[in-house]
Amino acid sequence: MKSGLLFHIAGLLFPARCYGCGEIIQRRVFLCDNCLKKAERLENPCTGCGKPEGECDCGKNKFTLNITAPFAYTGSVVEAIHRFKFGGERNAHAFLAEYMAESVKERFGGVELDLVTCVPQTARRKRQRGYNQSALLAKSCAKLLGLPCKEALLKTRNTKDQHKLKAKERAENLKGAFSVNDTSVIDGKTVLLCDDIKTTGATLNECRKTLLKAGAKEVYCVTAAVVTDTASKS
Ligand SMILES: [Zn+2]
Ligand SMILES: [Zn+2]
Numbered sequence: 001m002k003s004g005l006l007f008h009i010a011g012l013l014f015p016a017r018c019y020g021c022g023e024i025i026q027r028r029v030f031l032c033d034n035c036l037k038k039a040e041r042l043e044n045p046c047t048g049c050g051k052p053e054g055e056c057d058c059g060k061n062k063f064t065l066n067i068t069a070p071f072a073y074t075g076s077v078v079e080a081i082h083r084f085k086f087g088g089e090r091n092a093h094a095f096l097a098e099y100m101a102e103s104v105k106e107r108f109g110g111v112e113l114d115l116v117t118c119v120p121q122t123a124r125r126k127r128q129r130g131y132n133q134s135a136l137l138a139k140s141c142a143k144l145l146g147l148p149c150k151e152a153l154l155k156t157r158n159t160k161d162q163h164k165l166k167a168k169e170r171a172e173n174l175k176g177a178f179s180v181n182d183t184s185v186i187d188g189k190t191v192l193l194c195d196d197i198k199t200t201g202a203t204l205n206e207c208r209k210t211l212l213k214a215g216a217k218e219v220y221c222v223t224a225a226v227v228t229d230t231a232s233k234s
């Protein structure tokens, strides 16, 4: 009875809110029904670039990512990821990771993954935000997939903000920005690399290359969302 009352008080003080619109909702879920309707699920995205059918730009890019993602970066998902990254709603990672892990099982179900890791941040950025959102996603995904999680990558220098740069400059900006601190952790392993959003894929590609160079057998990627042509125009 007593714990029931505490639970009730906690519910009044910290009501469950939809990560998409901020409305108070009855159950602790990721998005309210209305926002969930507006979220665009990615059906069978291209594993090279993560984009939906008809938008594949693998030919244009000189890399392939082995990627999957549950959502297009549009509508309520943009709001939710924004709240997660900048609004201090760090608990959103649990919900996003559920969709990500599901997407991995669907697309890479036949792959024997050994380890989950994340896109790193510099120590300075982590201090500013208080957490690395990619590390939170990686930890939750690993738990859901029954795999170990290691922060194997380091970001060794500060880079310019990727979203302010053109596609060509993005790749240049990141060259040599990452390293692996302990190669024995990933040597011969099939690794799942987690991040929140895939935009051009330059960051994931650079991290992937760094892991492969350090001895990983293969690297797969999963993000919560992928920026698509249709979504970026709407
Ligand atoms: Zn909502
Ligand atoms: Zn593609």
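Residue numbers (my numbering): 1 to 234.
C-beta atoms are modelled at their ideal positions from N, C-alpha and C, and glycine is treated no differently.
Nothing here was measured: the structure is a model prediction, and the numbers come from that model.
- Of the heavy atoms belonging to ligand 2, none sits nearer than 7 Å to the Cβ of G54.
- Residue ranges of uninterrupted alpha helix (DSSP H) with 4 or more members, entirely inside the region 159 to 221 and ordered along the chain, are 167 to 174, 202 to 213.
- Annotation: G75 to E106 spans about 24 Å, alpha carbon to alpha carbon.
- T199 and Q26 have their C-alpha atoms roughly 34 Å apart.
- Spanning the alpha carbons of N173 and V180 requires a straight line of approximately 18 Å.
- Sixteen is the threshold: when 16 or more other Cβ atoms of the shown chains lie within 10 Å of the Cβ of K189, as they do, the residue is buried.
- The C-alpha of N158 is placed about 39 Å away from the C-alpha of N34.
- Under the three-state reduction of DSSP, L31 is assigned to coil, being neither helix nor strand.
- For C141, there is no enclosing beta strand (DSSP E); the enclosing alpha helix (DSSP H) has its first and last residue at 133 to 145.
- Here V77 carries a helix assignment [DSSP, helix/strand/coil].
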